[in-house]
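Quick notes on the structure that follows.
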Amino acid sequence: MTPFAPSPAAPAAERRGDAVRAFRFLRHRVLRNTLTSMMRGSRLRFGMIAFCSGVFWVGLFGLFYGSFEFIDTYGALSGEFVEYIFSLFFLSLLIMLFFSSGILVYTGLFQSKEAAFLLATPSAPDRIFAHKFTEASAFSSWAFMLLSTPMLVAYGLISRAPLGYHVASLAYLLAFVLIPGSLGAATALLVARFLPRRKKTVLIGLALVVVVGGIARLSQVWQAPSEGLTSEWLDSLLGRLSFSRHPLLPSRWMAKGLVEAAAGNASDTLFYFFVVAAHAGLFYLFASTVARDLYRPAYSRVQGDRTAKRKTAWYGFDALFHRAFWFLGRPIRLLILKDLRTFVRDPAQWSQFLIFFGLLALYFINIRRLSYDLQKPYWRNLVSFLNLGVTSLILSTFTSRFIYPLLSLEGRNFWILGLLPLKRESILWGKFVFSAGIALPATELLIVLSDSMLRMGTFMTLLHMGMVAILCFGLSGISVGLGAKMPDFKEEDPSKIAAGFGGTLNLLVSLVFIASVVTALAIPCHLYFVGQDDSGLGSGIIDRAQFTFWVSVAGAASLVIGAIATIVPLRIGIRAFQRIEF
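Numbering (this note's numbering), first residue to last: -1 to 580.
Next up, the structure:
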């Protein structure tokens, strides 16, 4: 071999370098095109998203600033309190990012057309994985940044941290997101390779373990103080939270490093940062190695499993459904069954529905362990309305994420529905009944469970059930009507449809509707229960007769608002849908 002859490893190294440059060029071009199209064609949507994100950030900043200002009054103990807060916060985000990254990486690697195209090229599997992992991490971590940055900035201002603290906090966040993202991606690859037919079971099992374990731990940790915030109660609470400060948890490294950075200890700040960064690199190396060895066989098994699935008989369920909803027209019943089967077959929909509503149910079951039922009537009423508000917000998220895109997803296949002997408006009514039929039973059960655990009276329980019914019908009407008014038939990804201008507007209208209904009935209830003791004989701002009158007025107003929110968007959607040409 001559001295000038290239080594055998040179062509392989050149090919790897070309692949890296090609994928880097692809990411930059996709990002540039996305931003360009957003600024040219959707400036209103971009401005609305930026405005809402800014309001959300400022609101969180004010909340965290006030909280840290209160903690700062404890002086020498404030640093220890902040470590507990940071440890719990990042531990919670670690779990959520693990699931979100795993689901997004699985979808990007095994269900996207881009992945199928890239696998047909000479690209190495680990390069394809790196490309899709970067995309999934950016998508899943933006909310993490939106939640984390106001808290860290507020703590830096309260603790009078040096400028280097803010730079270090950003570096910590960027390194931290790689840990749960890499673990979630590696788990997704392993499940796809060895358990392709059990991926739904694995997802549900992991989610249930985390939710049940979290609620059990919360019920053990939190005990409401019986006589105010005493030092004994605080010491006991911090002792029960010590699990979040385990030295092997990444959340512990984050908390300790950020506190040291705020104090200006450069050596400890660098030490904990290198610990976080080293583990982030190690876990990503592990995920990349798994992708290199298992991605192609896992992709083949997942695609083969789709064609080998056994057909499940739905005949008994169909017959029972037709008998239960005999009052609906048969075409509408068939459309509802179609949407119901699509919902069941898509784990991205029912898994999120199960996680959110299951988490609420477990929280409501443990209300008595938190001693909320032993508080005065004023506090029980306040907690019951907070539970109602949280349930309504989750319901609005469900309708905006899954109900609003339903009609847009029918666009490419609408010629099939057009052959059916039914009017176009029947399609929208079918979507509305499907949405309300899923949302109403789930939310009513949650509210009944919450009020029974809080030992609310029969009247208040019936009042809350009526509010939930109004909210379910109104949110379903808003999502279906606006979905027909502003459809996007070119997009196949429901998450992108929900994140568009129409989906953002739908969410904002839903939030205004929820605030109107809940506030209208919460005000007279608050004025009546404030100042009452356990005997119910305490004097509130308004008496029983005034309470009955104002609740009746507020209930009538809520019914009117609910009818408008249900009927008006549906009529607008029906008129727009009848004029659409396919």
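Cβ coordinates follow ideal geometry from the N, Cα and C atoms, glycine included. This one's a predicted model, so the numbers in the text were calculated from it and none came from an experiment.
Next item on the list: Would you mind reading off the limits of the alpha helix (DSSP H) that contains H244?
Entry: Walking along the sequence shown from the start, residue 244 turns up at place 246. For H244, there is no enclosing alpha helix (DSSP H), as DSSP marks it with neither H nor E.
Notebook entry, point to check: Hey, how far is the Cα of G154 from the Cα of Y163?
Noted result: Numbered from 1 along the sequence shown, position 156 holds the residue referred to as residue 154. Numbered from 1 along the sequence shown, position 165 holds the residue referred to as residue 163. If you take the alpha carbons of G154 and Y163, they lie about 7 Å apart.
Note to self: According to DSSP, simplified to helix, strand and coil, what is I425?
What the structure shows: Mapped onto the sequence shown, residue 425 falls at position 427. The answer is helix: DSSP assigns I425 an H, G or I state.
Next item on the list: Answer yes or no: the CB of T546 versus the heavy atoms of the ligand ATP, is any distance below 6 Å?
Entry: The ligand content of the structure shown is nil, which means the ligand ATP is not present either.
Item checked: Given V273 as reference, the closest of L246, E442, A122, L473 once Cα atoms are compared -> One-based indexing of the sequence shown puts residue 273 at position 275. Between V273 and the set L246, E442, A122, L473, the nearest pair of CA atoms involves L246.
Notebook entry, point to check: Under a three-way DSSP split, which group does I539 fall into?
Noted result: One-based indexing of the sequence shown puts residue 539 at position 541. Taken through DSSP and simplified to helix, strand or coil, I539 comes out as coil.
Check: Rounded C-beta distance between V103 and F131? I'm assuming under 8 Å.
Finding: Along the sequence shown, read from residue 1 onward, the residue named residue 103 stands at position 105. Along the sequence shown, read from residue 1 onward, the residue named residue 131 stands at position 133. V103 to F131, Cβ: 6 Å. Contact.
Notebook entry, point to check: Taking one C-beta from the region 429 to 443 and one from the region 473 to 493 each time, how about it: are there three or more such pairs within less than 8 Å?
Noted result: Three or more pairs of CB atoms, one per stretch, sit closer than 8 Å, so the region 429 to 443 contacts the region 473 to 493.
Checklist line | Proximity winner among W377, S135, M458, relative to S99 (alpha-carbon distances) | finding: Here residue 99 is taken as the residue at index 101 of the sequence shown, counted from 1. Cα-wise, what sits closest to S99 is S135.
Next item on the list: Since I believe F96 is in contact with L161 (beta carbons under 8 Å), could you give me their beta-carbon distance rounded to a whole number of angstroms?
Entry: Here the question's residue 161 lines up with position 163 in the sequence shown. Here the question's residue 96 lines up with position 98 in the sequence shown. Not really, about 32 Å apart at Cβ, beyond 8 Å.
Checklist line | M252 in three-state terms, based on DSSP | finding: Counting from one through the sequence shown, the residue named residue 252 turns up at place 254. In the three-state reduction of the DSSP assignment, M252 falls in the helix class, which pools H, G and I.
Check: If we call anything under 7 Å between Cβ atoms a contact, is L289 one with L187?
Finding: Walking along the sequence shown from the start, residue 289 turns up at place 291. Walking along the sequence shown from the start, residue 187 turns up at place 189. The sequence as given places Ala at residue 289; Leu does not occur at that position. Cβ atoms of A289 and L187: closer than 7 Å.
Check: From what residue to what residue does the alpha helix (DSSP H) around E112 run?
Finding: Locating residue 112 in the sequence shown gives position 114, counting from the first residue. Counting along the chain, E112 sits inside the alpha helix (DSSP H) bounded by residues 111 to 117.
Next item on the list: Would you identify the three-state DSSP class for D608, choosing helix, strand or coil?
Entry: This structure does not reach residue 608, given that the chain is present from -1 up to 580, and the question cannot be answered.
Item checked: Own chain, CB closer than 8 Å to E423, minus 5 neighbours either side, in chain order -> Here the question's residue 423 lines up with position 425 in the sequence shown. Contacts found: I572, F575, Q576.
Next item on the list: Taking T389 as the reference, give the member of I401, R542, I445 with the closest Cα.
Entry: Mapped onto the sequence shown, residue 389 falls at position 391. Between T389 and the set I401, R542, I445, the nearest pair of CA atoms involves I445.
Check: To which residues of the same chain is R399 closer than 6 Å at the C-beta, ignoring the five residues directly before and after it?
Finding: In the sequence shown, the residue the question calls residue 399 occupies position 401. Answer for R399: A496, listed in chain order.
Notebook entry, point to check: Is Y282 helix, strand or coil by DSSP?
Noted result: Position 284 of the sequence shown, counting from 1, holds the residue named residue 282. Helix, per DSSP.
Checklist line | Proximity winner among P375, F66, V175, relative to Y282 (alpha-carbon distances) | finding: Translated into positions along the sequence shown, residue 282 becomes position 284. The closest CA to that of Y282, considering only P375, F66, V175, is found on V175.
Checklist line | Cα-Cα separation between L509 and S394, rounded to whole angstroms | finding: As a position in the sequence shown, residue 509 is number 511, starting the count at 1. As a position in the sequence shown, residue 394 is number 396, starting the count at 1. One Cα belongs to L509, the other to S394, and the distance between them is close to 7 Å.
Notebook entry, point to check: Which stretch, first to last residue, makes up the alpha helix (DSSP H) that contains F174?
Noted result: Working through the sequence shown from its first residue, we reach residue 174 at position 176. 161 to 174 is the span of the alpha helix (DSSP H), which, as asked, contains F174.
Next item on the list: Kindly list the residues whose CB is nearer than 6 Å to the CB of K488, restricted to its own chain and excluding five residues on each side of it in sequence; keep chain order.
Entry: The residue labelled residue 488 in the question sits at position 490 within the sequence shown. Nothing listed; no residue qualifies.
Notebook entry, point to check: In terms of residue numbering, what span does the alpha helix (DSSP H) encompassing S394 cover?
Noted result: Within the sequence shown, numbered from 1, the residue matching residue 394 stands at position 396. Looking at the DSSP string, the run of the alpha helix (DSSP H) that includes S394 is 375 to 396.
Checklist line | Limits of the unbroken alpha helix (DSSP H) element including F142 | finding: Within the sequence shown, residue 142 is the residue found at index 144, counting from 1. Counting along the chain, the alpha helix (DSSP H) containing F142 begins and ends at 123 to 156.
Check: Where do the N-terminal and C-terminal ends of the alpha helix (DSSP H) with L407 fall, by residue?
Finding: Counted from its first residue, the sequence shown places residue 407 at position 409. For L407, the enclosing alpha helix (DSSP H) covers residues 404 to 407.
Next item on the list: Evaluate contact between the region 519 to 526 and the region 544 to 561, counting only Cβ atoms and requiring at least three cross-stretch pairs below 8 Å.
Entry: By the criterion of at least three beta-carbon pairs nearer than 8 Å, the region 519 to 526 is in contact with the region 544 to 561.
Item checked: Straight-line Cα distance separating S249 from P567 -> Within the sequence shown, residue 567 is the residue found at index 569, counting from 1. Within the sequence shown, residue 249 is the residue found at index 251, counting from 1. Approximately 46 Å, taken between the alpha carbons.
Item checked: Proximity of L171 and S138 at Cβ, strictly below 7 Å -> Indexing the sequence shown from 1 puts residue 171 at position 173. Indexing the sequence shown from 1 puts residue 138 at position 140. Going by C-beta atoms, L171 is not nearer than 7 Å to S138.
Margin query: My output table needs one value for I101: the three-state DSSP class, helix, strand or coil.
Written below: Taking the sequence shown and counting its residues from 1, the one referred to as residue 101 is at position 103. Reduced to three states, the DSSP call for I101 is helix.
Note to self: Measuring straight from C-alpha to C-alpha, what distance separates I69 and I83?
What the structure shows: What you label residue 69 is simply residue 71 of the sequence shown in a count that begins at 1. What you label residue 83 is simply residue 85 of the sequence shown in a count that begins at 1. Each residue's alpha carbon lies about 11 Å from the other.
Check: If you draw a straight line from the alpha carbon of A253 to that of A259, how long is it in whole angstroms?
Finding: The count along the sequence shown starts at 1 and reaches residue 253 at position 255. The count along the sequence shown starts at 1 and reaches residue 259 at position 261. C-alpha separation (whole angstroms): 10 Å.
Notebook entry, point to check: In three-state terms, what does DSSP make of N31?
Noted result: Within the sequence shown, the letter at position 33 stands for residue 31. Of the three classes helix, strand and coil, the one that applies to N31 here is helix, per DSSP.
Next item on the list: Mark L557 as exposed unless 16 or more other C-beta atoms lie within 10 angstroms of its C-beta, in which case mark it buried.
Entry: Numbered from its first residue, the sequence shown carries residue 557 at position 559. L557 is exposed by the Cβ-count criterion.
Note to self: Buried or exposed for A563, going by 16 or more other Cβ atoms inside 10 Å?
What the structure shows: For this step, residue 563 is matched to residue 565 along the sequence shown. Classified as buried, A563 has 16 or more neighbouring CB atoms from the shown chains inside 10 Å of its CB.
Item checked: Alpha-carbon to alpha-carbon, S242 and L89 -> For the purposes of this step, residue 89 is taken as the residue at position 91 of the sequence shown. For the purposes of this step, residue 242 is taken as the residue at position 244 of the sequence shown. Within the model, the alpha-carbon separation for L89 versus S242 is close to 7 Å.
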